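> Have a look at the structure that comes next, please.
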Amino acid sequence: MNKDEAKERREVDLDRLDRLRGAVPPRPHDARAIAALAANPGCARRSVLDAAGIDKDATATHLGFPAPFGRSPFAITRGNAFEALVKESGCAELLRLLRELLGLPVAEAAYTDLGDIGGDPSAHLRHAHTRTLLDRAARDGAGAGTLYDHPLLRLEIAGQSAYLEPDVVAFLHGGRFHIVEIKSFAVIDGQAEPDKAAAAARQAAVYVLALKTMLEELGHDPGRVAHDVVLVCPENFANRPAAALVDVRRQLAVLRRQLARMTRVGTLVDALPPGLTFDLAPGDDGVPGRPAAELREAVRAVEARYAPDCLSTCDLCFFCRDEAAGQESTDLLGRQVRDALGGVATVGEALGLADGSREPGEGQEEIARLLRLADRMYAELS
Amino acid sequence: MSTLAALARLRALRSGSAQRLATVRHCHLSDRPMVLIPLRLAGEAAAPLAAMVGTDPDHPRLLVVPQPRDRDLRFAFAAELAEVMLPYIESLQKATETVERRGAEPYERCLDAPQLIVPNPGAAAFVRLLGRSTRFRRAEGPFAVHPSVPLLGRWLTFFGQRAGYPGSSLLLSATETLSAHWATGQSALEDANLASLAGWIDPPPGSTGAAAAKEAEDPLIWPPAGPATDPGFDAEVLAPAIRAYEETRSDQAAERVRAAVRSQLEPTWRLMWRAIGLLAALPAGQGCAGRWEADRASFTSFAAQIAEGAPPQPKRDGAVGAAARLARMERARASYDAQRAYDDPLVMAGYRLTGEAFTGTVVSAEPDRTEGEGRGRKLRPLVTVRTTDPVRLAAGTRLGTPERRGQQAELVAIEGEHVTLKIVKGMGRGTTATPGAVPEAGERVCYAALLDEFQPPAALPAPEETPWTHGGPPPEHEPSEDEPEEEWS
Chain A
174 MNKDEAKERR
184 EVDLDRLDRL
194 RGAVPPRPHD
204 ARAIAALAAN
214 PGCARRSVLD
224 AAGIDKDATA
234 THLGFPAPFG
244 RSPFAITRGN
254 AFEALVKESG
264 CAELLRLLRE
274 LLGLPVAEAA
284 YTDLGDIGGD
294 PSAHLRHAHT
304 RTLLDRAARD
314 GAGAGTLYDH
324 PLLRLEIAGQ
334 SAYLEPDVVA
344 FLHGGRFHIV
354 EIKSFAVIDG
364 QAEPDKAAAA
374 ARQAAVYVLA
384 LKTMLEELGH
394 DPGRVAHDVV
404 LVCPENFANR
414 PAAALVDVRR
424 QLAVLRRQLA
434 RMTRVGTLVD
444 ALPPGLTFDL
454 APGDDGVPGR
464 PAAELREAVR
474 AVEARYAPDC
484 LSTCDLCFFC
494 RDEAAGQEST
504 DLLGRQVRDA
514 LGGVATVGEA
524 LGLADGSREP
534 GEGQEEIARL
544 LRLADRMYAE
554 LS
Chain B
7 MSTLAALARL
17 RALRSGSAQR
27 LATVRHCHLS
37 DRPMVLIPLR
47 LAGEAAAPLA
57 AMVGTDPDHP
67 RLLVVPQPRD
77 RDLRFAFAAE
87 LAEVMLPYIE
97 SLQKATETVE
107 RRGAEPYERC
117 LDAPQLIVPN
127 PGAAAFVRLL
137 GRSTRFRRAE
147 GPFAVHPSVP
157 LLGRWLTFFG
167 QRAGYPGSSL
177 LLSATETLSA
187 HWATGQSALE
197 DANLASLAGW
207 IDPPPGSTGA
217 AAAKEAEDPL
227 IWPPAGPATD
237 PGFDAEVLAP
247 AIRAYEETRS
257 DQAAERVRAA
267 VRSQLEPTWR
277 LMWRAIGLLA
287 ALPAGQGCAG
297 RWEADRASFT
307 SFAAQIAEGA
317 PPQPKRDGAV
327 GAAARLARME
337 RARASYDAQR
347 AYDDPLVMAG
357 YRLTGEAFTG
367 TVVSAEPDRT
377 EGEGRGRKLR
387 PLVTVRTTDP
397 VRLAAGTRLG
407 TPERRGQQAE
417 LVAIEGEHVT
427 LKIVKGMGRG
437 TTATPGAVPE
447 AGERVCYAAL
457 LDEFQPPAAL
467 PAPEETPWTH
477 GGPPPEHEPS
487 EDEPEEEWS
């Protein structure tokens, strides 16, 4: 395939993705959404819907399975208040932390607000501004250590630009950029809740990748973005911020692999029936006009891989769980059970192997023997 | 997860009701447990919003912080919680028994100990955090609190730490305990919802477990069991009520917050006692009493430490303390695993499936076989067992048996379905076996590569002799000046 063909192929893909989505603008990916992609990489349904920028929340609601997520106003208020505290008077508090953590010389602290370009700029304009200023900063080399606030980075996700707004980017005297991530969960006696810390690291990895990509495009060494991100959290039970370095190399590797897979979403889309669309056909009032049954058929045309973990990451989780229940899939019971069953796909099949009413298929002899034995013991003991 | 537990989940899914994973109860259940359901303000590390607590199912005590961001109100909450919990804890310190020990001074042990039951592991973690945020406070000086607050903090810390020991029943989480005894037709992740788990195990009349579990996912019918509240409730009910209190500080506004959190806590309160009822209906396993004895001993010694005026538990263990704690936890784990299997054939079945244990019928025995000469002559009976279990054990493996717990056997050989064992421990000094000491032909027996024997505590240096590789001797604990002032906002 030569270059033109490749370009054409890509445009066809994008056009196809637009048709899948219908007449609404694609839903932008934020860093949280991008980080969540890594949660269930094997799910074709999620890959296709995300690549096409479909509003999964609205889709799930229209299907009659609204997503179980919500964020408490208290958590939002607390998060905003903490970020405001850290960034107060030109990030004074943050500079103090960075000086301690990274040995930033006092004299070299400056603060530049990249969001400050007047008017109500588009994402495109803001990104261009960020790009220009960071290009200059990178060219000046070991110049002033500066905090860049409100930068707007960009990452290509399956042919679409996702604009991302990290909390702050710090540019330090060593000529390296550090991403700073401000989170309001507490670190108590040096320990944070593991799942929250992991989510923060995944999210920060998205920013690191976006910044690396930008520097590379500008002809700089992407290695100048540190893979240690600065995580700023409240310490103990107070509101006082504390900073720690978090190595996100592993999260970066997962993310890269996942994004590479998403650019191959074309092969998934090519296999879909022509004319398939997930359009909700909203009327002038925004209320979906598409019959729910028709939408259900459309969504079912793309295979899902449900796992209980989806319940905390994907808007469509209740729909997919219901579908898995209808198919009596062993996925319903979680990966541990599925592993213990040696990958036997349905409840009926597994129970059939257990009571001997079903002959084991090729490669199932071992699990069938175990299940029969377990069944015998269970009958004998309970 | 064992194939047996996986199969139980499959059966639960197919039948619509939970399946037993245990034939007996593997935790101690107090006659008078204290149920505690804490709620936390979303977004905060340890800001209590409310708690429902008590030992009487019909008379729960509701504690509420009408403005959880107000420091004084938080300490008032902690003092109120202390008012409920400390008398309960102290009432159990009075009756003691004298325990005789070979080669050591006898000591006093409380006849009973407090038992705290919380809904889920999140609530247990919250108990630990609440302990951490209150135990360093002081009753005098700046930011003085009621003297009961730091005391409560130390007790909560004690409960939180004991919960880390496998087999301890001083602090139980309802979801974890129920899931250890029943398999549901849903995933472990969904089992973390107490209402849904209880729905599977004990569906309301006319309903199935599956249907009850589905209903339990609606936060309007079954509010979350905490410590986090439902975000919808926060936005629509709680936030306006707290705002109204903030503006007027009136009793009426405080009552509105109370009523709001009561609506979230009451369903869980009833659920907690239902869960306790379900567990109480199971007969206690044989090992429960022994493990509860260890809990009672630990309770007694902690109460003595407090009476002697020991400082609050450190934020972090020193090197020696941490190593000792880890060793104790490992021993507790090994002994808990062995005891559960010995007490419960259904738990043992999991080991039989993996070939670490087997049951069978004795086909022949040589009860009076001896080894050695003269004074060194010892009874070493041979027993041959026929089993259809898939035994995967190497010759020489030490085996225990639930039928004769003082004995140990060594695996000699496996030939087809025949396993030959040699009894190597617990035969006494004589040269003829006492009747019944060795299983006879025709007897059903079970042997497992699980040993529940006394393990001596790890040999560790005294804290003041910590080697330099481990940071050297830890500094003496000096209550730092800033501790009581540590913000709690």
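Line by line, the protein sequences give chains A and B.
Going letter by letter, the first sequence gives residues 174 to 555 in the numbering used here.
Going letter by letter, the second sequence gives residues 7 to 495 in the numbering used here.
C-beta: ideal position from N, C-alpha, C; glycine also.
Small disclaimer: the values here were computed from a predicted structure and weren't measured.
#1: Given a cut-off of 8 Å, decide if L98 of chain B and A119 of chain B are closer than it, judged by their beta-carbon atoms.
#2: Residues of chain A with CB closer than 8 Å to the CB of A355 of chain B, please, in chain order.
#3: Does the Cβ-Cβ distance between E221 of chain B and G238 of chain B come in under 8 Å?
#4: Apply the 10 Å Cβ neighbour rule to G226 of chain A and answer buried if 16 or more other Cβ atoms are within range, or exposed otherwise.
#5: So, at 7 Å on beta carbons, what are the nonlocal neighbours of P214 of chain A in its own chain, with the 5 sequence-adjacent residues on each side left out?
#6: Helix, strand or coil for L441 of chain A? Go by DSSP, reduced to three states.
#7: Mind checking who G406 of chain B pairs with in its DSSP beta bridge?
#8: Can you list the residues of chain B that P239 of chain A reaches, using a CB-CB cut of under 8 Å?
#9: Could you please give the first and the last residue of the uninterrupted beta strand (DSSP E) stretch that includes A415 of chain A?
#10: Answer yes if the stretch 324 to 334 of chain B comes into contact with the stretch 435 to 449 of chain B, meaning at least three C-beta pairs across the two stretches below 8 Å, and no otherwise.
#11: Can you give the Cα-Cα distance for E184 of chain A and R422 of chain A, rounded to whole angstroms?
#12: Identify the residues that DSSP records as bridge partners of W188 of chain B: which are they?
#13: Could you work out which residue in A:S502, A:A541 and A:G462 is closest to H235 of chain A when comparing CA atoms only?
#14: When the distance is taken between beta carbons, is G361 of chain B closer than 8 Å to R392 of chain B?
#15: Of the residues A:F242, A:T232, A:P246 and A:D191, which one's Cα is nearest the Cα of E242 of chain B?
#16: Any contact between the stretch 85 to 98 of chain B and the stretch 155 to 169 of chain B? By contact I mean 3 or more CB pairs, one from each, below 8 Å.
#17: At 8 Å on the CB atoms, spell out the chain B contacts of S357 of chain A, in chain order.
#18: Tell me, please, whether the stretch 409 to 421 of chain B touches the stretch 372 to 383 of chain B by the rule of three or more beta-carbon pairs shorter than 8 Å.
#19: Taking a cut of 9 Å between CB atoms, which residues from the stretch 234 to 264 of chain B lie near chain A?
#20: In three-state terms, what does DSSP make of R189 of chain A?
#21: Out of A:A541, A:Y321, A:S530 and A:S485, point me to the one whose CA is closest to D368 of chain A's CA.
#22: Since I believe G128 of chain B is in contact with P233 of chain B (beta carbons under 8 Å), could you give me their beta-carbon distance rounded to a whole number of angstroms?
#23: With a threshold of 8 Å between beta-carbons, can F410 of chain A be considered close to chain B, or not?
#24: Contact between the stretch 11 to 31 of chain B and the stretch 344 to 364 of chain B: three or more CB pairs below 8 Å?
#25: Within the same chain, show all residues whose beta-carbon is closer than 8 Å to that of S8 of chain B, passing over the 5 residues directly before and after it, in chain order.
#26: Suppose the cutoff is 8 Å on Cβ atoms and the five residues either side in sequence are ignored; what does the same chain contact list for G436 of chain B look like?
#27: Could you tell me the distance, in whole angstroms, from the CA atom of Q270 of chain B to the CA atom of T235 of chain B?
#28: State the Cα-Cα distance for the pair E181 of chain A and D188 of chain A, rounded to the nearest angstrom.
#29: Could one say the Cβ of F350 of chain A lies closer than 8 Å to chain B's Cβ atoms, at least one of them?
#30: For P246 of chain A, decide whether its Cβ has a neighbour in chain B, counting only Cβ atoms nearer than 8 Å.
#31: Beta-carbon of P362 of chain A versus every beta-carbon of chain B: anything under 8 Å?
#32: Assign L428 of chain A to one of two classes, buried (16 or more other C-beta atoms within 10 Å of its C-beta) or exposed (fewer than that).
#33: Can you give the Cα-Cα distance for A248 of chain A and W298 of chain B, rounded to whole angstroms?
#34: Taking the alpha helix (DSSP H) that A497 of chain A belongs to, which residues open and close that run?
#35: For T450 of chain A, report the span of its alpha helix (DSSP H) as first-last.
#36: On the CB-based measure, 16 or more other CB atoms within 10 Å of its CB, does P467 of chain B come out buried or exposed?
Taking the structure as given:
#1: Taking the second sequence and counting its residues from 1, the one referred to as residue 119 of chain B is at position 113. Taking the second sequence and counting its residues from 1, the one referred to as residue 98 of chain B is at position 92. It is a contact, given that the beta carbons lie within the stated cut-off.
#2: Position 349 of the second sequence, counted from the start, is the residue given in the question as residue 355 of chain B. What A355 of chain B touches in chain A: A547, M550, Y551 and L554.
#3: For the purposes of this step, residue 221 of chain B is identified with residue 215 of the second sequence, where counting begins at 1. For the purposes of this step, residue 238 of chain B is identified with residue 232 of the second sequence, where counting begins at 1. With a cutoff of 8 Å on beta-carbon distance, E221 of chain B and G238 of chain B are scored as not near each other.
#4: The residue you call residue 226 of chain A lines up with position 53 of the first sequence. Burial call: buried.
#5: Taking the first residue of the first sequence as 1, we reach residue 214 of chain A at position 41. So the list reads Q431 and R434, once near-sequence residues are dropped.
#6: Residue mapping note: residue 441 of chain A aligns to position 268 of the first sequence, counting from 1. In the structure shown, L441 of chain A adopts helical secondary structure according to DSSP, grouped into three states.
#7: For the purposes of this step, residue 406 of chain B is taken as the residue at position 400 of the second sequence. Residue pairing by DSSP puts G406 of chain B in a beta bridge opposite B:A454.
#8: For this step, residue 239 of chain A is matched to residue 66 along the first sequence. Within 8 Å Cβ-Cβ: nothing; P239 of chain A doesn't reach chain B, min ~11 Å.
#9: Numbered from its first residue, the first sequence carries residue 415 of chain A at position 242. Residues P414 to D420.
#10: Because the criterion of three Cβ pairs below 8 Å is not met, the stretch 435 to 449 of chain B and the stretch 324 to 334 of chain B do not touch.
#11: For the purposes of this step, residue 184 of chain A is taken as the residue at position 11 of the first sequence. For the purposes of this step, residue 422 of chain A is taken as the residue at position 249 of the first sequence. With a pLDDT of 49 at E184 of chain A, under the threshold of 50, the predicted position of this residue should be treated as unreliable, and no value is reported.
#12: In the second sequence, residue 188 of chain B corresponds to position 182, counting from 1. Partner(s): B:R26.
#13: The residue labelled residue 235 of chain A in the question sits at position 62 within the first sequence. Scanning A:S502, A:A541 and A:G462 for the CA closest to the CA of H235 of chain A turns up A:G462.
#14: The residue you call residue 392 of chain B lines up with position 386 of the second sequence. The residue you call residue 361 of chain B lines up with position 355 of the second sequence. It is not a contact, given that the beta carbons lie outside the stated cut-off.
#15: Here residue 242 of chain B corresponds to residue number 236 of the second sequence, with the count starting at 1. When only C-alpha atoms are compared, the closest one is A:P246.
#16: Touching, per the Cβ criterion.
#17: Position 184 of the first sequence, counting from 1, holds the residue named residue 357 of chain A. Chain-ordered, the chain B residues with CB closer than 8 Å to the CB of S357 of chain A read G49.
#18: With the cut-off at 8 Å, the stretch 409 to 421 of chain B and the stretch 372 to 383 of chain B do not touch.
#19: Of all residues in the stretch 234 to 264 of chain B, A234, T235, D236, P237, G238, F239, D240, A241, L244, A245 and I248 have a Cβ within less than 9 Å of some Cβ in chain A.
#20: Along the first sequence, one-based indexing puts residue 189 of chain A at 16. R189 of chain A: helix per DSSP, three-state reduction.
#21: Here residue 368 of chain A is taken as the residue at index 195 of the first sequence, counted from 1. The shortest Cα separation from D368 of chain A among A:A541, A:Y321, A:S530 and A:S485 belongs to A:S485.
#22: The residue given as residue 233 of chain B occupies position 227 in the second sequence. The residue given as residue 128 of chain B occupies position 122 in the second sequence. Indeed, because the Cβ distance is near 5 Å, the residues count as touching under 8 Å.
#23: Mapped onto the first sequence, residue 410 of chain A falls at position 237. Closer than 8 Å to some Cβ of chain B, the Cβ of F410 of chain A qualifies, so yes.
#24: In this structure the stretch 11 to 31 of chain B lies against the stretch 344 to 364 of chain B, because at least three pairs of beta carbons, one per stretch, are closer than 8 Å.
#25: As a working note, residue 8 of chain B is residue 2 in the second sequence. Cβ within range, chain order: G356, L359 and T360.
#26: In the second sequence, counting from the first residue as 1, residue 436 of chain B sits at position 430. Contacts found: L385.
#27: The residue given as residue 270 of chain B occupies position 264 in the second sequence. The residue given as residue 235 of chain B occupies position 229 in the second sequence. Rounded to whole angstroms, Q270 of chain B to T235 of chain B spans 8 Å at the Cα level.
#28: Residue 181 of chain A sits at position 8 when you count from the first residue of the first sequence. Residue 188 of chain A sits at position 15 when you count from the first residue of the first sequence. Unreliable placement is indicated for E181 of chain A, whose pLDDT of 47 sits below 50; no coordinate value is reported for it.
#29: Taking the first residue of the first sequence as position 1, residue 350 of chain A is located at position 177. Not closer than 8 Å to any Cβ of chain B, the Cβ of F350 of chain A fails to qualify, so no.
#30: Against the first sequence, residue 246 of chain A aligns to sequence position 73. Yes - at least one Cβ of chain B is within 8 Å of the one on P246 of chain A.
#31: Looking up residue 362 of chain A in the first sequence gives position 189. For the record, residue 362 of chain A in the displayed sequence is Asp; it is not Pro. Any Cβ of chain B closer than 8 Å to the Cβ of D362 of chain A would place that residue at the interface, and such an atom is present.
#32: Along the first sequence, one-based indexing puts residue 428 of chain A at 255. Buried.
#33: Sequence index remark: in the first sequence, residue 248 of chain A carries index 75 (1-based). Sequence index remark: in the second sequence, residue 298 of chain B carries index 292 (1-based). Rounded to whole angstroms, the separation of the alpha carbons of W298 of chain B and A248 of chain A is 40 Å.
#34: The residue given as residue 497 of chain A occupies position 324 in the first sequence. Membership of A497 of chain A in the alpha helix (DSSP H) is indicated by the continuous run C490 to G499.
#35: The residue labelled residue 450 of chain A in the question sits at position 277 within the first sequence. Unbroken run through T450 of chain A: none, as it is neither H nor E.
#36: Looking up residue 467 of chain B in the second sequence gives position 461. Flag for P467 of chain B reads exposed.
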